[in-house]
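So the protein sequences, as listed, match chains A and B. For the first sequence, the positions run 1 to 165 when the UniProt record's numbering is used. For the second sequence, the positions run 1 to 165 when the UniProt record's numbering is used. To keep things clear, I will list the structure first and then write my remarks on it.
2 protein chains.
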Amino acid sequence: MNDRPSLELAEVNDTPWLSTEQQHVWRAFLGGSTVLMDQLDRDLRQAHGLSMSEYEILVRLSEAPDRSIRMAELAAQVAHSRSRITHTIARLEKARMVTRGQCSTDGRGVTAVLTDHGFAVLAEAAHTHVRGVHDYLVANASAAEFEALGRIMNRITEQLGGRSF
Amino acid sequence: MNDRPSLELAEVNDTPWLSTEQQHVWRAFLGGSTVLMDQLDRDLRQAHGLSMSEYEILVRLSEAPDRSIRMAELAAQVAHSRSRITHTIARLEKARMVTRGQCSTDGRGVTAVLTDHGFAVLAEAAHTHVRGVHDYLVANASAAEFEALGRIMNRITEQLGGRSF
DNA sequence: GGGACTTGATTGAAAGTTCAACCATCGGCT
DNA sequence: AGCCGATGGTTGAACTTTCAATCAAGTCCC
């Protein structure tokens with residue numbers, strides 16, 4: 001009874017713009033997470049010569065059985081590309097914090113293994129990092145707000161989760 | 001009346017570890033913001049050949065008087081280093097989305113100016129970006145949760161705000 | 001067994017970011 | 001005016017991340 005575009009086309013064209021308040025929150029998120037990550041990264045670098053991504057990898061390794069994880073699994077845990085993990089592990093290996101091992105059950109598999117030295121560095125760095133997370137993030141949120149943050153981020157991870165690498 | 005270390009030293013040593021729940025939230029934040037940013041970046045790249053940081057810069061320029069902002073001010077707004085802004089603007093200039101102008105009031109000043117072409121690209125890209133922010137973030141939060149997010153991130157920005165570049 | 005296809009990991013080059021050094025200009029001070 | 005420290009911006013090299021290509025080993029299926 002009318003000649004406007006088909007419903008499908010209408011939906012495709014129709015972008016739901018953000019309200020002013022939503023824009024403000026989004027920009028706060030963008031800016032806030034940038035400065036937060038930069039600060040944590042800088043703290044770690046200055047005090048221990050580690051980047052955030054190197055730190056994250058060491059943490060995961062330290063928690064794993066035998067302090068070792070396969071490359072692909074590591075990539076999934078920290079949400080980085082395989083290639084990036086390969087390069088980063090190469091650097092950490094050069095710094096003697098990690099060694100590579102062959103995976104017993106899969107000929108293709110390579111495992112990254114945390115060395116004692118790597119563990120020692122991590123143990124030091126953890127103080128810096130945890131203090132940062134506390135001072136910059138936890139201290140800036142009420143308990144309820146903090147829980148809300150957790151819920152939101154979990155849903156996002158669930159939705160976009162194991163993606164595209 | 002006792003011989004333990006001075007209060008100052010005690011405080012320095014005493015790292016307040018995170019509770020298990022706090023750790024979970026922190027990791028959710030880390031993972032969630034990573035996949036969120038990656039997804040928004042990928043969407044923008046695929047559809048319009050723009051990175052998130054290029055997009056952010058174009059947005060700021062489009063909102064400024066004369067569609068132009070000085071380099072340092074731009075750096076402050078998007079929380080990037082001056083050097084990074086110089087390089088990014090150089091790329092955008094090569095793509096004819098931005099031109100450089102001399103600042104009238106300050107001989108050192110250089111302003112980035114959005115071209116009509118830059119504005120046109122931005123106008124297209126905005127659809128993709130806004131849809132992403134909506135679908136990946138806004139849709140994953142209740143109104144109350146979203147507001148909490150805003151408050152937290154604003155406090156962080158306030159605390160770590162104009163920093164160290 | 002032997003394709004065909006998928007997955008795990010690496011590689012090297014291109015693209016982007018950081019870092020330190022640099023030059024020019026501004027602003028204050030004497 | 002002339003000096004001095006701070007600010008604005010650029011540069012090039014070092015470093016990190018991405019991207020596409022490659023290779024090896026697993027899986028499926030006939």
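Yeah, the Cβ is synthetic: ideal placement off N, Cα and C, and Gly gets one too.
Contact annotation: the segment 49-64 of chain B does not touch the segment 101-119 of chain A, with fewer than three C-beta pairs closer than 8 Å. Judged by DSSP secondary structure, Gly-101(A) falls within the beta strand (DSSP E) whose first and last residues are 98-102. Excluding its 5 nearest sequence neighbours in each direction, Met-52(A) has C-beta neighbours in its own chain below 7 Å: Met-37, Leu-40, Asp-41, Leu-44, listed in chain order.
Under the three-state reduction of DSSP output, Ser-83(B) falls in the helix class. Between Arg-82(A) and Ala-75(A) a beta carbon distance of about 5 Å is seen, short of the 8 Å cut, so the two are scored as contacting. Interface residue (Cβ-Cβ distance to chain B less than 8 Å): Tyr-55(A) is not classified as such. The three-state reading of DSSP puts Thr-88(B) in helix, counting H, G and I together.
Using a C-beta cut-off of 8 Å, the segment 120-139 of chain A makes no contact with the segment 104-118 of chain B, since fewer than three inter-stretch Cβ pairs fall below that distance.
The continuous beta strand (DSSP E) containing Arg-70(A) extends over residues 68-70. For Thr-111(A), the three-state secondary structure derived from DSSP is strand.
The C-beta separation of Arg-151(B) from Glu-145(A) comes to about 6 Å, placing the pair in contact by the 8 Å criterion. With fewer than 16 neighbouring CB atoms inside 10 Å of its own CB, Thr-15(B) falls in the exposed class. For the 8 Å CB-CB criterion, Ala-126(A) and Met-153(B) do not form a contact.
Assignment of Thr-34(A) by DSSP, reduced to helix, strand and coil, places it in the helix class. Below the 9 Å Cβ cutoff, chain A contributes no neighbours of Ile-69(B), its closest Cβ being approximately 15 Å away. For Arg-70(B), the closest C-alpha among the options Val-98(B), Leu-50(B), His-48(B) is that of Val-98(B). Interface criterion not met: the Cβ of Phe-119(A) is under 8 Å from no Cβ in chain B. Nearest CB-CB separation between Ser-51(A) and chain B: not below the 8 Å threshold.
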